[in-house]
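S.K.:
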Amino acid sequence: MSVLFKQDAFLIVFKFKFVKIIISGGIIMSADVELQNISVTFGSFYAAKNVNVKIKQGEFFSFLGPSGCGKTTLLRAISGFLDPSEGKVLIGGEDMAGIGPNKRPTSLIFQNLALFPLMSVADNIAFSLEVRGKSKNERRKRADELLELIALSGQGDKKVHELSGGQRQRVAIARALAIEPEVLLLDEPLSALDLKLRQKMRTELRAIQKRVGITFIYITHDQGEALTMSDRVAVMNEGELEQVGLCDDVYDYPNTPFVATFVGENNPFYAKVVSVDNNEVKVESQGNTFLATAGKINENQNHSFSPGDEVIMFIRPESIFIKNDNNKLDNFFSAKVNTIEFEGNLKNIYVKINSNIDVRFSVPNAVDTSELSSNKDVELTFSSKKAVVLPKGQLAVD
Amino acid sequence: MNSFFKKNGPLISTYFIIAIVFWLIFLIIIPQLYMLDLSFRPNLPPLLRGGPDDVHTLVHYKHFIFGSETSNDPYNYVDIGVFLNTIFTAIMVTIINLCFCYPIAFYMAKVAKPNSARLLIVALIIPFWINELLRSFALRILFAGEGVINNILLATGLIDTGINFIALDIALYTGLTYAYILLMIFPLYNAIESLDTNQLEAAKDLGSSTFRTHWRIVIPHAKAGIASGCTMVFMLTAGALATPVVLSSPNTYWFTQLIYQWFNMNDNWSRGSAYSILLLSVSVVFVLLMMRIFKVKIGEIVR
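Heads up: the protein sequence lines correspond to chains A and B, in order.
The numbering of the first sequence is the numbering used here, which starts it at 1 and goes up by one.
The numbering of the second sequence is the numbering used here, which starts it at 1001 and goes up by one.
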């Protein structure tokens, strides 16, 4: 109860105090960030390879990818802790080469927050002012303002270890905002929190970004986090950008098999093209023939296929339905139920086609599945609009 | 106690307890108490010990302060001078050692890659396989009037006449600083190594200069290591014997040399004990002072 109350209080305080506090300096400063042909090599290993992306000012932008894909490398290149082997980082149109992390208009929130354990909360928040030679009074005043902003008024004299995980998170945000950065960089700051707190902090982070209006660049391997908070996401794999786009575009129109399987769940059907009619592709997979849509290469263009091409057709679990009188879409197949997995809001049903292709589909918990039991035959259906055909390529490893 | 026995089994537990009790009582407490008692007794020939003349007395401590009864000086300027000089030099050596070792320890802990850090540690340790006395003599050869350093400086034309490193006590400071360098580096290294590197980057990201990052983040974190290194170096330097004997200038006397003389040459064990107790007291005071300055507890120092 008290947690809920604090949360509400936080948001309310936020709404009213915000404008006065954060913009006390005058105009909101926000900058765009452009990565031009960034490559980072360690020996012969490419941690990042030819990355080109323009992040607009005031945007919430996420780099999404599995661990080791190079997203942290990019963040370090933007913050200045790492010099790219090739290419340029531009912040607000200015080349950042040779400018150290302490001189860039960026602020970084670390994965483990990196709050200073021997300093009080207020000293932590005002550290950036201390290094700029601001007076003690000025520092205290600013710290108090920010503490009020993060709903921790009067707790400035506490030590960091006396705060809870969520409170520390907010202190880290306040500390990063104290210097009024133009770009805030976040390196998986929520990964150490438990699920409930993480979901709460997502909302808070998004709210903060909306009000501060500065550019947020967020690094995560959690696609849920990226999709809920971001304006746009960049999906990365092995140092390269696989796709950059709006969240729903990336989810609905993946450009590569990797994106299709990394963002959300997907069923891959290895298939051969039978015929092509504009963007409608007919494919054949192990005796079944399906109608599907050609996937996109980029925002404006679709892949073009010709008969005989080896492809993968992707269909998401939530787009497959049990065939009945109400649900008859343009593709059908029959399968055998293997197992049913209960996930709370959803039930995941694993079926097999021809006893060798595993397919998973999910139904809301409210749907009655009592008729489905192991080894029972079931007729399934899905729409050709929801099935995406892409050239063969690497899938995200589960 | 019960759980200790349960955890380690009866054999190992008994061994530990006997070993620790023996160590504490026979090797530390009894000798120190015996010395403390001896320092308050007159220096008597063996036959008179335990006799009516063997009473507690402050004569040796009085001698340290006022000198012998035959001297005309109101105070024992020589011994007090040596005592203060020893402590002053030991404090200076400790400070030099700290200034010298902090960057090395920081480099090993946070800057160097693991492999080169390991190499550095080995490079630091290997010279200490050589006996302390030999190392001191080696330094004496380097610093001698016609030694290696003077010859190089003269040959390169940097100086016109040789420098008397020994008389200037440069050799002594160098030798003492080098003698206990490991005891400063390792506590510092351990302390700095346990600092989360992200803290350094966070400070830098927030605009902090290198100096301020050290002052506000690294040194406060490493203060237990600093206190530990300083107390060890101070105590060992103040108690050093071989290095000062070999490297000090003819007119610099080390307090341990006095103690040595009373014990071995003058056969006055009581006075030697009294002087030892004085040195011990200063060391204890120094530890307490370090604990106060760095606001650390005794448990943190020995960590």
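Beta carbons are placed, not taken as given, at the ideal position from N, Cα and C, and that holds for glycine.
Are the C-beta atoms of S1013 of chain B and some chain A residue less than 9 Å apart?
M.R.: Taking the second sequence and counting its residues from 1, the one referred to as residue 1013 of chain B is at position 13. Output row for S1013 of chain B: interface = no.
S.K.: With distances taken between CB atoms, is the gap from T1094 of chain B to W1254 of chain B smaller than 9 Å?
M.R.: In the second sequence, counting from the first residue as 1, residue 1094 of chain B sits at position 94. In the second sequence, counting from the first residue as 1, residue 1254 of chain B sits at position 254. Their beta carbons are not under 9 Å apart, which means T1094 of chain B does not touch W1254 of chain B by this criterion.
S.K.: With Q286 of chain A as the anchor, note down where its beta strand (DSSP E) starts and where it stops.
M.R.: Start at 1 with the first residue of the first sequence, and residue 286 of chain A comes out as number 286. Here Q286 of chain A belongs to no beta strand (DSSP E), and DSSP marks it neither H nor E.
S.K.: Does R1216 of chain B have its Cβ less than 9 Å from a Cβ in chain A?
M.R.: On the second sequence, residue 1216 of chain B is found 216 positions in, with the first residue counted as 1. Cβ-Cβ to chain A under 9 Å: yes for R1216 of chain B.
S.K.: Could you check what DSSP says for T220 of chain A in three-state terms: helix, strand or coil?
M.R.: Locating residue 220 of chain A in the first sequence gives position 220, counting from the first residue. Three-state result, T220 of chain A: strand.
S.K.: Only counting the same chain, and skipping five residues up and downstream in sequence, which positions put a Cβ closer than 6 Å to that of F1286 of chain B?
M.R.: Start at 1 with the first residue of the second sequence, and residue 1286 of chain B comes out as number 286. Taken in chain order, the residues that qualify are F1234.
S.K.: Would you decide whether L195 of chain A is buried or exposed? Buried here means 16 or more other CB atoms lie within 10 Å of its CB.
M.R.: On the first sequence, position 195 is the one that residue 195 of chain A refers to. Classification of L195 of chain A: exposed, given that the 10 Å Cβ count is below 16.
S.K.: Is R316 of chain A near the ligand NAD, in the sense that its beta carbon is under 8 Å from a heavy atom of that ligand?
M.R.: Looking at this structure, you won't find the ligand NAD or any other ligand, since it has none at all.
S.K.: Under 9 Å between C-beta atoms, does E130 of chain A make it to chain B?
M.R.: Locating residue 130 of chain A in the first sequence gives position 130, where the first residue counts as 1. Yes, contact with chain B.
S.K.: Just mark S24 of chain A as buried or exposed, buried being the case when its beta carbon has 16 or more other beta carbons within 10 Å.
M.R.: One-based indexing of the first sequence puts residue 24 of chain A at position 24. Residue placement at S24 of chain A cannot be trusted, given a pLDDT of 42 that sits under 50; what the coordinates show is reported in the next sentence. With fewer than 16 other Cβ atoms within 10 Å, it is exposed.
S.K.: Would you report the Cα separation of T1126 of chain B and D95 of chain A, rounded to the nearest angstrom?
M.R.: By 1-based counting over the second sequence, the position of residue 1126 of chain B is 126. By 1-based counting over the first sequence, the position of residue 95 of chain A is 95. This sequence places Ile at residue 1126 of chain B; Thr is not what is there. Here the alpha carbon of I1126 of chain B sits roughly 48 Å from the alpha carbon of D95 of chain A.
S.K.: Going by the beta-carbon positions, is the gap between G1225 of chain B and L1188 of chain B smaller than 9 Å?
M.R.: Taking the second sequence and counting its residues from 1, the one referred to as residue 1225 of chain B is at position 225. Taking the second sequence and counting its residues from 1, the one referred to as residue 1188 of chain B is at position 188. Their beta carbons are under 9 Å apart, which means G1225 of chain B touches L1188 of chain B by this criterion.
S.K.: Distance cutoff 9 Å, beta carbons only. Does K103 of chain A sit that close to anything in chain C?
M.R.: The chain inventory of the structure shown lacks chain C, comprising the protein chains A and B.
S.K.: Specify whether the stretch 257 to 272 of chain A and the stretch 303 to 321 of chain A touch according to this definition: at least 3 beta carbon pairs, one from each stretch, less than 8 Å apart.
M.R.: These segments touch.
S.K.: Classify K54 of chain A as helix, strand or coil using the three-state DSSP reduction.
M.R.: Taking the first residue of the first sequence as 1, we reach residue 54 of chain A at position 54. Strand.
S.K.: Give the straight-line distance between the Cα atoms of Q209 of chain A and Q169 of chain A, rounded to the nearest whole angstrom.
M.R.: As a first step, residue 209 of chain A is located in the first sequence; it is residue number 209 there, counting from the start. As a first step, residue 169 of chain A is located in the first sequence; it is residue number 169 there, counting from the start. Whole-angstrom Cα-Cα distance: 15 Å.
S.K.: CB T1174 of chain B to CB F1143 of chain B, shorter than 9 Å?
M.R.: Stepping through the second sequence from its first residue, residue 1174 of chain B is reached at position 174. Stepping through the second sequence from its first residue, residue 1143 of chain B is reached at position 143. Result yes, Cβ atoms of T1174 of chain B and F1143 of chain B sit closer than 9 Å.
S.K.: For a minimum of 4 consecutive residues, which ranges assigned as the alpha helix (DSSP H) are wholly contained in the stretch 1042 to 1090 of chain B?
M.R.: 1059 to 1066
S.K.: Are Q1257 of chain B and P1244 of chain B touching if we call contact CB-CB under 9 Å?
M.R.: As a working mapping, residue 1257 of chain B is identified with position 257 in the second sequence. As a working mapping, residue 1244 of chain B is identified with position 244 in the second sequence. Yes. Within cutoff.
S.K.: In chain order, what residues of the same chain lie with their CB nearer than 7 Å to the CB of Q155 of chain A, ignoring the 5 residues before and after it?
M.R.: What you label residue 155 of chain A is simply residue 155 of the first sequence in a count that begins at 1. Excluding residues within five positions, the ones whose Cβ falls inside 7 Å are V121, L147.
S.K.: Q286 of chain A and N354 of chain A: beta carbons closer than 9 Å?
M.R.: Looking up residue 286 of chain A in the first sequence gives position 286. Looking up residue 354 of chain A in the first sequence gives position 354. In contact: Q286 of chain A and N354 of chain A (Cβ atoms closer than 9 Å).
S.K.: Tell me where the alpha helix (DSSP H) around M1142 of chain B begins and ends.
M.R.: Here residue 1142 of chain B is taken as the residue at index 142 of the second sequence, counted from 1. Checking the displayed sequence, the identity of residue 1142 of chain B turns out to be Leu instead of Met. Its alpha helix (DSSP H) spans residues 1132 to 1143.
S.K.: To the nearest angstrom, how far is it from the Cα of F1263 of chain B to the Cα of E1146 of chain B?
M.R.: Taking the second sequence and counting its residues from 1, the one referred to as residue 1263 of chain B is at position 263. Taking the second sequence and counting its residues from 1, the one referred to as residue 1146 of chain B is at position 146. Straight-line Cα distance between these residues: approximately 35 Å.
S.K.: Residue ranges of each alpha helix (DSSP H) run of no fewer than 4 residues wholly in the stretch 90 to 149 of chain A, ordered along the chain?
M.R.: 121 to 125, 127 to 130, 136 to 149
S.K.: Looking at the secondary structure, which residues open and close the beta strand (DSSP E) in which Q243 of chain A lies?
M.R.: In the first sequence, the residue the question calls residue 243 of chain A occupies position 243. Segment 240 to 246, the beta strand (DSSP E) holding Q243 of chain A.
S.K.: Counting only Cβ pairs nearer than 8 Å, list the residues of chain B close to S107 of chain A.
M.R.: Here residue 107 of chain A refers to the residue found at position 107 when the first sequence is read from its first residue. Going along chain B in sequence order, the residues near S107 of chain A (Cβ under 8 Å) are D1205, L1206.
S.K.: Any beta carbon from chain A within less than 9 Å of S1209 of chain B's own beta carbon?
M.R.: Against the second sequence, residue 1209 of chain B aligns to sequence position 209. Closer than 9 Å to the CB of S1209 of chain B there is at least one CB belonging to chain A.
S.K.: Taking beta-carbon pairs under 7 Å, can you tell me which members of the stretch 115 to 141 of chain A lie near chain B?
M.R.: F116, L118, F127, S128, V131, R132
S.K.: Any beta carbon from chain B within less than 9 Å of G98 of chain A's own beta carbon?
M.R.: By one-based count along the first sequence, residue 98 of chain A stands at place 98. Taking Cβ atoms only, chain B never reaches closer than 9 Å to G98 of chain A, which makes this a no.
S.K.: Helix, strand or coil for S334 of chain A, going by three-state DSSP, please let me know.
M.R.: Counted from its first residue, the first sequence places residue 334 of chain A at position 334. In the structure shown, S334 of chain A sits in a strand (DSSP, three-state: E or B).
S.K.: With distances taken between CB atoms, is the gap from V51 of chain A to E240 of chain A smaller than 9 Å?
M.R.: Sequence index remark: in the first sequence, residue 51 of chain A carries index 51 (1-based). Sequence index remark: in the first sequence, residue 240 of chain A carries index 240 (1-based). Note that the C-beta distance between V51 of chain A and E240 of chain A is below 9 Å.
S.K.: If we define contact as Cβ-Cβ less than 9 Å, is N1198 of chain B a contact residue for chain A?
M.R.: The count along the second sequence starts at 1 and reaches residue 1198 of chain B at position 198. Judged by the 9 Å Cβ criterion, N1198 of chain B is in contact with chain A.
S.K.: Just tell me which of A:G100, A:Q301, A:D330, A:P268 has its CA closest to the CA of R76 of chain A.
M.R.: Looking up residue 76 of chain A in the first sequence gives position 76. Selected option, being the one with the closest Cα: A:G100.
S.K.: Specify the secondary structure class of R206 of chain A as computed by DSSP and reduced to three states.
M.R.: Residue mapping note: residue 206 of chain A aligns to position 206 of the first sequence, counting from 1. If DSSP states are grouped into helix, strand and coil, R206 of chain A belongs with the helices.
S.K.: Using a Cβ-Cβ cutoff of less than 8 Å, which residues in the same chain neighbour F110 of chain A once the five nearest sequence positions on both sides are dropped?
M.R.: One-based indexing of the first sequence puts residue 110 of chain A at position 110. Answer for F110 of chain A: A172, D187, P189, listed in chain order.
S.K.: Got a sec: which bits of the stretch 355 to 377 of chain A sit with their beta carbon under 7 Å from any beta carbon on chain B, in order along the chain?
M.R.: none
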